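J.: Per our numbering, the sequence shown starts with residue 107, numbered consecutively.
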Amino acid sequence: MVVELRFYEYITNFLEERVRTLFSYPGEQIYKLFEEINNSRIKNIVAADERGAGFMADGYARISNYFSVCLATAGPGGCNLTTPLATAYKDSSSVLAITGRPTRMYIGKNYFQELNLDFLNFHKGFFVNEPKTSYLEKSLSLLEYKKPVHLNIPSDVLEEEVCEVQYTEEREEREFKEVEGDLLLVGQGIYGTLTYKEILKINKLLSKFPVATTFPARGVVKEEENIGLVGRRGDIESLKRAKKIINLGASLSYNTYVESLREELLKKTINLDIQRINYSELKNLIKNLNIDFSYDIKKRTFKAKGDYSRKVEALINNLPEDSILVLDAGKHTVFTSLLKTCNIPKSIIASHSFGCMGFSLPGSIGVKFATEDFKIDREVVSISGDGGFIMNIQELKVVSQHNLKILFVVFENNKLANFCKIENPDFIKIAEAFGIEGYRVESLEEIEDYVKDYLKGNKPLILSIKVEDEDLPKPNT
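(1) Distance check for TYR114 and MET107, CA to CA, integer angstroms please.
(2) Following the continuous beta strand (DSSP E) through ALA203, name the residue where it begins and the one where it ends.
(3) So, at 6 Å on beta carbons, what are the nonlocal neighbours of GLY183 in its own chain, with the 5 sequence-adjacent residues on each side left out?
(4) Spatial neighbours of LYS310 within its chain, please: CB distance less than 7 Å, with the 5 preceding and 5 following residues excluded, ordered by chain position.
(5) When DSSP labels each residue in this structure, what does VAL108 get in the three-state scheme?
(6) Which residues mark the beginning and the end of the beta strand (DSSP E) in which HIS256 is found?
(7) Could you tell me whether the segment 476-485 touches the segment 166-176, where touching means 3 or more Cβ pairs closer than 8 Å?
(8) With 8 Å set as the bound, which would you pick, yes or no: does the beta-carbon of LEU433 sit closer than that to a beta-carbon of chain C?
(9) Can you list, in chain order, the residues of its chain with a C-beta nearer than 7 Å to that of LYS196? Leave out the 5 residues immediately preceding and following it.
(10) Please give the ranges of any beta strand (DSSP E) in the segment 483-558, keeping only runs that are unbroken, at least 3 residues long and fully inside the region.
(11) For THR305, count neighbouring Cβ atoms within 10 angstroms of its own Cβ and tell me buried if that reaches 16, exposed if not.
(12) What's the C-alpha gap between GLY355 and ILE136?
(13) Taking DSSP's pairing of strands, which residues face ILE151 in a bridge?
(14) Per DSSP, what kind of secondary structure is ASN394 in: helix, strand or coil?
(15) Which residue from SER570, ALA410, LEU177 puts its Cα closest to that of THR205?
(16) Among THR118, TYR385, CYS526, which one has its Cα closest to the Cα of LYS138?
(17) To the nearest whole angstrom, what separates the beta carbons of LEU121 and VAL175, a pair I think is in contact under 8 Å?
(18) Which of the three DSSP states, helix, strand or coil, is assigned to ASN423?
(19) How would you write the range of the alpha helix (DSSP H) that LEU467 sits in, first residue to last?
(20) Just verifying my parser: in three-state terms, what is the DSSP assignment at ALA323?
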């Protein structure tokens, strides 16, 4: 008797060989796959909302430099993944999103929860109309480009017998010729297909060069010994003075090449193709770089002056240097970026290109699960403003359920930037409702004591820090 392998069984087996944790929210059109995953070796983290599942997957992928998976049902389930997948696309994160769909006979008809979900294909996506194995293999290959991939699967296809289709991909070996310039600009593309442990070795590879970085690549080399961040919130003089800039993995967004200098900088930039680069290729490439950096480094400095920035500074100074700071969008993001010196990769994880509020809380959950799966021994700290924190506050359910040691810091100034005032709930009572310890912090001096106590323990903690509003320093434009 031949045992048939159903497509939902094949998908689970495929993922089981490659991932330890995924993030989901169940529903009718995806239930067969959800149930099969629940009975596998994969740790299935059920979020409180599909947005949370998407952001968790994003955070997981960013710290691990590996792909992650989120699962949602048809219609509203898939729609709720829109912002997380847009964030993963803009911020270059390898998220595989699998969504359900009603059976094929109802596609394109006014059936319950039937909706074309092609709008989730920000980079690549497939409507899976047959149970072909090649869809998974092709997706795995595409995820190496550090962009999200979407698979939309009708419920009847999930239950059909697997159709084996061989997928082959030819890769050319790259040869890197000598390249000359006088400034090396490094972006997160340098991480390529490197493992987390290989990423930590990049500092040694680049130690002979003065290095400028984009925001997501901060810490790839020790900032205290290098140029560090350039662009809108960093050094701008190094970019202006360079005759030739060698670009190693930067997308050259407007945050790096600002409006007033953009055309001038693009003309003198040499872009090296390092997509999907492995560690051996990276070593060969760096051997062929000839950097003639002949001018003094003048870093942009920022001193905390107001109540808000001084409390951000106090928080940073009392955390371990290698802490992973997962930022939301808001004034705290700017102050943290200006005050934090990054001497290890992935020190700051944020929605740097999309500026997405509500990212930090669920994003830090994904980061925490990845640190456990990949044995990354670093503290995880979520930093939000009061507006962003409340957007996905329901995901504290996951924190409580799994007793995740994450420090959640909410800077509470009762404002959405300079747009409007807001009235906040009692965040400490909300923490208590989820079974999480929480404290309201009024003074600067209290921060040190609370952080020290947290670091000694093994439980999550929420600190709601009251801050007086403060204007941001002017960015480079």
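Ideal Cβ positions, reconstructed from N, Cα and C, are used throughout, including at glycine. A quick note: this is a predicted structure, and the numbers were derived from the prediction, not measured.
T.: Short version:
(1) Against the sequence shown, residue 107 aligns to sequence position 1. Against the sequence shown, residue 114 aligns to sequence position 8. With a pLDDT of 36 at MET107, under the threshold of 50, the predicted position of this residue should be treated as unreliable, though the coordinate-derived value follows. Approximately 21 Å between the Cα atoms of the pair.
(2) Translated into positions along the sequence shown, residue 203 becomes position 97. Note, ALA203: beta strand (DSSP E), 201-207.
(3) Residue 183 sits at position 77 when you count from the first residue of the sequence shown. The residues are GLY133, GLU156.
(4) Position 204 of the sequence shown holds residue 310. Answer for LYS310: no residue qualifies.
(5) Numbered from its first residue, the sequence shown carries residue 108 at position 2. Reliability fails at VAL108, whose pLDDT of 46 lies under 50, so the model's placement of it is uncertain and no value is given.
(6) Sequence index remark: in the sequence shown, residue 256 carries index 150 (1-based). Run containing HIS256: 255-260, per the beta strand (DSSP E) assignment.
(7) yes
(8) The chain labelled as chain C is not found in the depicted structure, where only one protein chain is given.
(9) As a first step, residue 196 is located in the sequence shown; it is residue number 90 there, counting from the start. SER459, PHE460, listed in sequence order.
(10) Correct list: 486-491, 513-518, 543-547.
(11) Indexing the sequence shown from 1 puts residue 305 at position 199. The sequence as given places Ile at residue 305; Thr does not occur at that position. If you draw a 10 Å sphere on the C-beta of ILE305, you find 16 or more other C-beta atoms in it, and that means buried.
(12) Taking the sequence shown and counting its residues from 1, the one referred to as residue 355 is at position 249. Taking the sequence shown and counting its residues from 1, the one referred to as residue 136 is at position 30. So the alpha carbons of these two residues sit roughly 37 Å apart.
(13) Taking the sequence shown and counting its residues from 1, one reaches residue 151 at position 45. Partner(s): PHE129.
(14) As a working note, residue 394 is residue 288 in the sequence shown. Of the three classes helix, strand and coil, the one that applies to ASN394 here is coil, per DSSP.
(15) For the purposes of this step, residue 205 is taken as the residue at position 99 of the sequence shown. Nearest of SER570, ALA410, LEU177 to THR205, Cα basis: LEU177.
(16) The residue labelled residue 138 in the question sits at position 32 within the sequence shown. The residue with the shortest Cα to Cα distance from LYS138 is THR118.
(17) On the sequence shown, residue 121 is found 15 positions in, with the first residue counted as 1. On the sequence shown, residue 175 is found 69 positions in, with the first residue counted as 1. With 8 Å as the limit, LEU121 and VAL175 qualify as a contact, their Cβ atoms being about 6 Å apart.
(18) Residue 423 sits at position 317 when you count from the first residue of the sequence shown. Helix, per DSSP.
(19) Walking along the sequence shown from the start, residue 467 turns up at place 361. 466-479 is the extent of the alpha helix (DSSP H) around LEU467.
(20) Position 217 of the sequence shown, counting from 1, holds the residue named residue 323. Helix at ALA323.
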